[in-house]
Amino acid sequence: MENTGKVVIKIDNVKKIYPVENGDDVVALNGVNLEIKENEFICVVGPSGCGKTTLLNIIGGLEQPTSGSATIHGRPILGPGPDRGIIFQQYALFPWLTVKKNVLYATKFIRHLVPKTKFNKETGKEEQVYTLDDKGNRVPVMKKVKYSKIEREAIANKYIDMVQLGAFANKYPKELSGGMKQRVAIARGYALNSEVLLLDEPFGALDAQTRSQLQEDLLRTWEKERKTCFFITHDVDECVLLASRVIIMSARPGQVKEVIDIDLPYPRTQATKLEPKFQEYRNHIWDVVYKMYVDSGSINNK
Amino acid sequence: MGEKKVKTPKVKKPRGWLKEKLTPKFIKNSIAKKNEAIAAVDLSRLSKPVNDVETSGPKKMKDFSLWASWKTALVGIGGVIFVIIIWFIYAYVCEINGKTSFLSSPIDVCQAFYNQAIASTNLWRHLGFSLQRIVVGYLIALVLSIPVAFLMAWYKPVRAFFDPFIQFLRCVPPIAYVPVVVAALGTSENSKYFIIFLAVFLTMTVTIYQGVRNVDLTLVKAAYTFGARDRNLFLGVIVPSAFPFILTAMRLGVGAAMTTLVASELTGTAFGLGAFINSQGSRLQMDNCIMGILVLGIFGIIFDKGLLVIEKKLTRWK
Chain A
20 MENTGKVVIK
30 IDNVKKIYPV
40 ENGDDVVALN
50 GVNLEIKENE
60 FICVVGPSGC
70 GKTTLLNIIG
80 GLEQPTSGSA
90 TIHGRPILGP
100 GPDRGIIFQQ
110 YALFPWLTVK
120 KNVLYATKFI
130 RHLVPKTKFN
140 KETGKEEQVY
150 TLDDKGNRVP
160 VMKKVKYSKI
170 EREAIANKYI
180 DMVQLGAFAN
190 KYPKELSGGM
200 KQRVAIARGY
210 ALNSEVLLLD
220 EPFGALDAQT
230 RSQLQEDLLR
240 TWEKERKTCF
250 FITHDVDECV
260 LLASRVIIMS
270 ARPGQVKEVI
280 DIDLPYPRTQ
290 ATKLEPKFQE
300 YRNHIWDVVY
310 KMYVDSGSIN
320 NK
Chain B
141 MGEKKVKTPK
151 VKKPRGWLKE
161 KLTPKFIKNS
171 IAKKNEAIAA
181 VDLSRLSKPV
191 NDVETSGPKK
201 MKDFSLWASW
211 KTALVGIGGV
221 IFVIIIWFIY
231 AYVCEINGKT
241 SFLSSPIDVC
251 QAFYNQAIAS
261 TNLWRHLGFS
271 LQRIVVGYLI
281 ALVLSIPVAF
291 LMAWYKPVRA
301 FFDPFIQFLR
311 CVPPIAYVPV
321 VVAALGTSEN
331 SKYFIIFLAV
341 FLTMTVTIYQ
351 GVRNVDLTLV
361 KAAYTFGARD
371 RNLFLGVIVP
381 SAFPFILTAM
391 RLGVGAAMTT
401 LVASELTGTA
411 FGLGAFINSQ
421 GSRLQMDNCI
431 MGILVLGIFG
441 IIFDKGLLVI
451 EKKLTRWK
């Protein structure tokens with residue numbers, strides 16, 4: 020399933036070094052190259068300490084690479100922004116806001132483009148403003164505006180319904196279970212309507228049943244919207260089930276070890292795990308990851 | 141069990157024994173010895189853990205839940221009654237013992253309350269002065285400490301500027317600088333306001349500052365990914381997450397105001413609950429003095445409980 024879409028995010032020879040006082044500096048990423056294309060579902064797996072989260076933070080703009088470059092549509096990533104929504108492992112819900120207000124807050128600062136209008140005194144009507152582009156075509160002038168309160172409410176309702184939390188819209192996060200909190204975080208991530216969704220081990224802290232449920236939910240939504248996803252996990256089954264492309268990273272220093280296109284048709288369900296092809300991918304990735312554990316000395320394999 | 145303790149004769153340590161033990165070589169050797177001993181432990185010789193009470197299993201865990209409010213109130217009232225009884229007894233003992241010690245009994249104090257608060261309005265006049273001082277000093281402190289604490293947490297130079305003053309003043313009891321303040325500001329009300337203000341301001345600023353620093357950085361990151369600017373972040377994340385700390389600071393501030401009141405009224409005034417307690421004390425009118433202390437403490441409890449109710453109402457999300 021070769022993806023020939025547009026490149027959205029480009030990671031070019033990115034190095035990230037954390038200076039350590041009185042010791043060897045930690046090389047979290049050592050020359051990582053990666054292209055994330057439109058409508059891809061990328062999963063990154065690798066042993067702990069391979070720099071998965073660092074890579075996500077660099078794409079998200081929460082950290083800057085020591086050298087190399089990270090760009091979105093060719094523009095350098097200098098900081099976080101609503102074009103790259105992040106879903107954190109620790110949910111990061113605002114405890115003082117209800118479920119609905121949490122989702123509403125995500126869209127508060129977003130601006131989008133609408134056609135500019137001008138009041139015409141002669142006709143007494145609002146009229147659209149046009150300009151000529153460099154080829155001489157008449158194009159509407161656009162302006163940046165925030166969503167209206169009503170639009171934001173509609174967005175919030177849509178995604179709260181999507182994660183089936185309509186009945187809990189007015190509850191505070193402390194009144195929800197871990198799985199429900201993560202569903203709110205997912206609804207919030209989707210409400211941003213960002214170009215790329217970055218997910219940092221979002222299901223890592225959940226029990227197996229909730230995790231399976233949320234994996235399916237995420238698949239259904241992705242199959243519908245095909246939003247570009249960059250998903251970090253240490254769960255090999257999870258990465259094969261979700262991803263259209265899997266990136267295996269190696270630890271110390273963090274590097275891309277292998278890239279695998281997962282050629283399993285969507286829609287996928289938990290039953291996909293029973294297919295022989297799934298097992299093949301799974302076993303292969305497991306071998307690569309396990310071998311790295313052994314080589315790094317994390318597992319004593321006598 | 142039953143072994144006789146053999147007393148070892150004390151050997152006087154030679155001069156310089158400590159110096160010898162502090163040499164790097166000695167320290168290195170003792171660490172090596174310890175590590176050797178650790179390596180030599182045969183873990184297979186250790187038995188399974190044995191319970192303290194072998195028949196009934198492990199100890200019961202401590203119950204950390206809170207009591208029902210009626211139970212708490214009952215024990216509280218019982219405690220108060222108990223202390224009053226002890227007070228009665230001690231006052232009686234003092235009375236029959238004669239000259240060297242003296243304590244007014246609870247009945248004297250009730251009588252004093254009747255004289256000062258019901259037969260006359262003396263107490264309420266003093267209380268009025270004190271409440272005004274507390275309210276003015278407290279409100280100025282509240283209004284100033286919130287911005288200062290936030291600015292300290294938000295801007296590094298502000299923190300660097302204020303920190304030495306705060307750390308310095310925190311260690312000096314207000315009673316120490318009362319004469320200086322009275323000399324500098326005069327015996328007017330301003331000196332009282334200032335002393336209470338300073339104590340409340342220090343307490344509240346430190347608490348709110350800690351609260352702002354405590355903000356969950358993941359929430360800050362999340363807000364940035366929503367496109368929030370610094371200003372939005374401040375109002376949308378920092379302020380609400382520090383809000384419980386502001387309420388806690390307000391409660392601690394009441395405590396600071398009440399405890400500083402007496403100091404603020406030590407010099408330069410004849411009015412106020414603190415001045416009343418002080419002057420009655422120096423005139424050995426212990427019934428009035430104790431009554432004043434009780435009124436002060438009871439008002440403290442009322443303020444605190446009131447703020448606690450507000451706190452619970454406003455932070456239901458916690």
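Those sequence lines, one after another, are chains A and B.
Those letters in the first sequence? Residues 20 to 321, by this note's numbering.
Those letters in the second sequence? Residues 141 to 458, by this note's numbering.
Note that the Cβ used here is the ideal one computed from N, Cα and C, for glycine as well.
This structure is a prediction, so every number in the text was calculated from the model and none was measured.
Whose CA, out of A/V203, A/N49, A/L74 and A/I36, lies closest to the CA of A/G185?
A/V203
Between the alpha carbons of B/Y254 and B/A403, how many angstroms are there, rounded?
26 Å
In chain B, which residues lie less than 7 Å from A/A125 when you measure between Cβ atoms?
F366
Contact belief for A/G198 with A/T229 at Cβ below 8 Å, rounded distance in angstroms
4 Å
Measuring CA to CA, which of A/S263, A/A262, A/L261 and A/V278 is closest to A/S269?
A/V278
State the DSSP-derived secondary structure class of A/F128, mapped to helix, strand or coil.
coil
Mind checking A/T126: buried by the 16 CB within 10 Å criterion, or exposed?
buried
Just to confirm before moving on: does the CB-CB distance between A/V255 and A/V51 stay below 8 Å?
no
What is the DSSP secondary structure of A/S269, counted as helix, strand or coil?
strand
Along chain A, in chain order, which residues have C-beta atoms closer than 7 Å to that of B/S388?
Looking at the sequence provided, one finds Thr at residue 388 of chain B rather than Ser. What B/T388 touches in chain A: nothing, since even the nearest Cβ is about 15 Å away.
Counterpart residues of A/F138 in DSSP-defined beta bridges
A/E145
What are the start and end residues of the beta strand (DSSP E) that includes A/C62?
F60 to V64
Mark B/I378 as exposed unless 16 or more other C-beta atoms lie within 10 angstroms of its C-beta, in which case mark it buried.
buried
For B/N372, return the contacting residues in chain A, with the cut-off set at a CB-CB distance below 9 Å.
K127 and F128
Run through the stretch 271 to 300 of chain A for me and flag every whole beta strand (DSSP E) of 3 or more residues, listed as ranges in chain order.
274 to 280
For A/L238 and A/I106, what's the separation of their Cα atoms in angstroms?
15 Å
Work out the CA separation of A/V215 and A/T136 for me, nearest whole Å.
31 Å
Do you know how far the Cα of A/S88 is from the Cα of A/I96?
8 Å
What residues from chain B crowd round A/I105, counting only those whose CB sits closer than 8 Å?
K361, A362 and T365
Does A/A173 get closer than 8 Å to chain B when you measure Cβ to Cβ?
no
Near B/I315, which residues of its chain fall below 6 Å by C-beta distance, leaving aside the five closest residues on each side in sequence?
A403
According to DSSP, is A/T247 helix, strand or coil?
strand
May I ask which residues mark the beginning and end of the alpha helix (DSSP H) holding B/L183?
Looking at the DSSP string, B/L183 is not in any alpha helix (DSSP H), and its letter there is neither H nor E.
What three-state label does DSSP hand A/Y37 in the structure shown?
strand
Is there a Cβ of chain D sitting closer than 8 Å to that of B/G268, yes or no?
Of the chains in the structure shown, none is chain D; the protein chains are A and B.
Interface flag, A/E211 vs chain B, CB-CB below 8 Å
Looking at the sequence shown, residue 211 of chain A is not Glu but Leu. Yes, A/L211 counts as interfacial toward chain B.
Residue ranges of each alpha helix (DSSP H) run of no fewer than 4 residues wholly in the stretch 276 to 330 of chain B, ordered along the chain?
296 to 310 and 314 to 325
I want to verify the contact list: residues of chain B whose CB lies under 8 Å from the CB of A/A111, in sequence order.
D356, T358, L359, K361 and A362
Of all the beta strand (DSSP E) runs that stay within the bounds of the stretch 46 to 128 of chain A, which reach a length of 3 or more residues?
60 to 64, 86 to 91 and 103 to 106
What's the call for A/R94, buried or exposed, on a 16-neighbour Cβ count within 10 Å?
exposed
For A/D153, report the span of its alpha helix (DSSP H) as first-last.
Run containing A/D153: none; DSSP gives neither H nor E here.
What residues are listed by DSSP as bridge partners for A/L218?
A/I106 and A/F250
I'd like the span of the beta strand (DSSP E) that includes A/V164, first residue to last.
M161 to K165
For a contact defined as C-beta to C-beta under 7 Å, what are the partners of A/G79 on chain B?
T365
Excluding the five sequence neighbours on either side, which residues of its own chain have a C-beta within less than 7 Å of the C-beta of B/G446, listed in chain order?
none
So does the stretch 337 to 356 of chain B actually touch the stretch 394 to 401 of chain B, counting three or more Cβ pairs closer than 8 Å?
yes
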